[in-house]
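Numbering (the working numbering), first residue to last: 39 to 445. Read the structure below first, then the notes.
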Ligand SMILES: *[C@@H]1O[C@H](CO)[C@@H](O)[C@H](O)[C@H]1NC(C)=O
Ligand SMILES: *[C@@H]1O[C@H](CO)[C@@H](O)[C@H](O)[C@H]1NC(C)=O
Ligand SMILES: *[C@@H]1O[C@H](CO)[C@@H](O)[C@H](O)[C@H]1NC(C)=O
Ligand SMILES: *[C@@H]1O[C@H](CO)[C@@H](O)[C@H](O)[C@H]1NC(C)=O
Ligand SMILES: *[C@@H]1O[C@H](CO)[C@@H](O)[C@H](O)[C@H]1NC(C)=O
Ligand SMILES: *[C@@H]1O[C@H](CO)[C@@H](O)[C@H](O)[C@H]1NC(C)=O
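Rendered as C-alpha cells:
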C-alpha cells in the first residue's frame with residue numbers, strides 16, 4: 039500500500055472560473071486485509087440510545103432534518119477523534135496535515151423544528167447485524183463511508199474489526215455483528231473509463247451510459263445502499279460510448295449535458311427496479327455535495343476560495359454558483375419515479391446544509407500526492423481542495439441523518 043496517483047478532473051477544471059485544479063487523489067492498494075490495533079477512548083463513547091419516541095418525533099412530518107442552521111458546540115463534538123480512527127483517509131485528515139483551527143469539527147447541525155438524534159454506533163451495528171451497507175459512488179461518497187467507519191469502529195474492540203481492500207471494493211467488517219460497511223468506487227455509477235480505483239486519470243472521459251451490470255454485481259443483495267454521483271458530470275458535453283470499450287464497432291459520440299447524466303441515472307434506476315428486493319433493501323441517494331471555489335459567491339474577494347475560511351456562511355439562503363439545480367432536479371425526478379414504483383428510496387438532501395460550510399474543506403491541509411511546486415507553495419489558493427470535506431466534519435452530519443433513517 040502507499041502508492042498513489044492523482045487525477046485532474048479535467049472537464050470540471052475546464053469550466054472557467056468554477057473549479058480550478060480540482061484534484062482527486064486515491065490510495066492504491068493491493069489486496070490487503072488489515073486488522074489494526076487501536077485502544078479505544080472511553081471518554082467519547084456515544085450517548086445511550088435515544089428513545090424510539092424521540093427518533094420518531096425527529097422524523098415526524100413537522101420536522102425537516104435538512105432545514106436549519108449550524109450551531110457551535112464544543113461540548114458534544116467532534117463525535118470521534120480524527121487521529122484515533124485507524125481507517126482515516128490522508129486526503130481528509132486535516133488536523134494531521136497541519137490545520138490548527140479545529141472549529142470546523144465543532145459545528146452541530148440544528149434542524150429548525152427538532153433535534154437530530156444523537157449518533158448511536160451500537161444501534162447502527164445492531165441494525166446492521168448480518169447485513170451489508172454499501173456506499174457506491176465517487177470520492178465524496180468514499181469520504182462519507184470513511185466517516186461512517188470512524189463513527190462506528192470506536193465501539194468495537196481491535197481484534198473484532200477488519201478492513202479488506204480489493205480493487206474497487208473496500209469492506210469494513212464488524213466481526214461479532216457480521217455487519218459489513220463497504221465502499222465501491224463507481225464515480226459515474228454506470229461504466230466509464232474512470233472505473234479503475236487507482237488509475238482513472240484520462241485526457242477525456244468516456245461513459246458507457248447504458249451499462250451498469252459490471253458494477254452492480256458487487257452490491258447486489260445489499261441491505262442498505264447509499265449512492266452519489268454529481269461532480270464528475272460537470273461540463274458542457276460528455277463522450278458517450280455504445281458498445282464495449284476496445285471493441286472495433288463501438289460508437290463514441292459527444293453528447294450535450296445533461297442528457298448523458300439523465301441516461302446514466304435511467305440505467306441505474308432500471309437496474310434498481312429489476313434487482314432490488316423491495317421488502318429488504320433501503321436505498322438512499324446523497325444529493326449534490328457543494329464546492330467552495332468562488333469566494334465572490336459568499337461576498338468574499340474575487341480570486342479567493344475556501345482557503346483560510348474558518349467559519350460557516352450565515353446567509354440562510356446562500357447557494358453556490360457551482361451547484362447546478364437542473365442536475366439535481368434530474369436526480370429528484372428519477373427518485374420520485376422509483377418511489378412511485380414501490381422502492382424504498384430516499385434522497386439525502388444534504389446540499390443546502392453543506393452549502394453553508396465553506397470552512398469544512400481540506401483546503402491545503404491534506405496529503406499532497408505530488409510534490410508542490412514553488413509557485414504553488416507561494417500561492418496556497420492555487421492548490422486548495424475545496425471539494426472534499428475534512429473529517430471529523432460535515433460528512434459526519436450526513437451520516438447522522440442517514441443513521442436517523444436506519445435506526
Ligand atoms: C432540500 O432541502 C432544502 C432545505 O430545506 C429545501 O429548500 C429543498 O426544497 C429540499 N429539496 C428537496 C428535493 O426536498
Ligand atoms: C467552547 O466554546 C466556548 C464558546 O466559544 C468557549 O468559551 C469555551 O472556552 C470553549 N471550550 C473549550 C473546552 O474549548
Ligand atoms: C452475514 O452477513 C451476510 C451479509 O453481509 C449475510 O448474507 C449472511 O447470511 C450473514 N451470516 C449469518 C450467519 O447470518
Ligand atoms: C477480489 O475481487 C475479485 C472480484 O472482483 C474476486 O474474484 C477475488 O476473489 C477477490 N479477492 C479476495 C482476496 O477477496
Ligand atoms: C493509466 O491508464 C491509462 C489508460 O486508461 C494508461 O494509458 C496508463 O498507462 C495507465 N497508467 C498507469 C500508471 O498504470
Ligand atoms: C444570500 O445568498 C443569496 C444566494 O446566494 C444571495 O442572492 C444574497 O445576496 C445573499 N444575501 C446576503 C445578505 O449576502
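The C-beta atom is built at its ideal place from N, Cα and C for all residues, glycine as well.
Identity of the residues DSSP links to residue i by a beta bridge
i: residue 343; result: Beta-bridge pairing links residue 343 to no other residue.
i: residue 320; result: 262
i: residue 371; result: None; residue 371 has no bridge partner.
i: residue 290; result: 279
i: residue 423; result: 401
i: residue 218; result: 170, 211
i: residue 383; result: 321
i: residue 204; result: 207
i: residue 230; result: 245
i: residue 110; result: 145
8 Å Cβ cutoff met for residue i and residue j
i: residue 210; j: residue 187; result: yes
i: residue 266; j: residue 175; result: yes
i: residue 439; j: residue 103; result: yes
i: residue 131; j: residue 395; result: no
i: residue 294; j: residue 315; result: no
i: residue 218; j: residue 170; result: yes
i: residue 373; j: residue 383; result: yes
i: residue 179; j: residue 245; result: no
i: residue 296; j: residue 365; result: yes
i: residue 222; j: residue 256; result: yes
i: residue 327; j: residue 268; result: yes
i: residue 393; j: residue 357; result: yes
i: residue 240; j: residue 231; result: yes
i: residue 362; j: residue 397; result: no
Nonlocal neighbours in the same chain, by C-beta distance under 6 Å from residue i, ignoring five residues either side
i: residue 434; result: 117, 185
i: residue 137; result: 403
i: residue 424; result: 329, 330, 331, 343, 344, 399
i: residue 309; result: 250, 254
i: residue 307; result: 372, 376
i: residue 220; result: 172, 209
i: residue 224; result: 174, 253
i: residue 280; result: 289
i: residue 139; result: 348
i: residue 76; result: Low confidence applies here, because residue 76 scores a pLDDT of 29, under 50, leaving its location unreliable; read the following figure in that light. 124, 196, listed in sequence order.
i: residue 320; result: 262, 382
Cβ neighbour criterion (16 or more within 10 Å) applied to residue i
i: residue 330; result: buried
i: residue 114; result: exposed
i: residue 155; result: buried
i: residue 177; result: buried
i: residue 197; result: exposed
i: residue 359; result: exposed
i: residue 278; result: buried
i: residue 109; result: exposed
i: residue 415; result: exposed
i: residue 352; result: exposed
i: residue 430; result: buried
i: residue 199; result: buried
i: residue 162; result: buried
i: residue 303; result: buried
i: residue 168; result: exposed
i: residue 243; result: buried
i: residue 337; result: exposed
i: residue 227; result: buried
i: residue 432; result: buried
i: residue 166; result: buried
i: residue 146; result: buried
i: residue 324; result: buried
i: residue 427; result: buried
i: residue 93; result: The predicted position of residue 93 is uncertain, since its pLDDT is 46 and thus under 50; no value can be drawn from it.
Residues of its chain near residue i, where Cβ-Cβ distance is below 7 Å and the 5 sequence neighbours each way are ignored
i: residue 159; result: 84, 189, 190, 192, 193
i: residue 298; result: 245, 247, 276, 278
i: residue 258; result: 313
i: residue 105; result: 149, 150
i: residue 135; result: 403, 404, 405
i: residue 318; result: 261
i: residue 292; result: 275, 277
Close-in-space but distant-in-sequence residues of the same chain around residue i (CB under 8 Å, 5 per side omitted)
i: residue 311; result: 376, 379, 381
i: residue 437; result: 157, 182, 185, 186, 189
i: residue 419; result: 341, 342, 343, 345
i: residue 322; result: 262, 263, 264, 265, 383, 384, 385, 386, 440, 443
i: residue 390; result: 104, 105, 357
Cβ-heavy atom distance, residue i to ligand 7, below 7 Å
i: residue 204; result: Looking at this structure, you won't find ligand 7 anywhere; what it does contain is ligand 1, ligand 2, ligand 3, ligand 4, ligand 5 and ligand 6.
Unbroken stretches of the alpha helix (DSSP H), 4 residues or longer, contained in the segment 125-195: Runs of the alpha helix (DSSP H) inside the segment 125-195: 159-165, 177-191.
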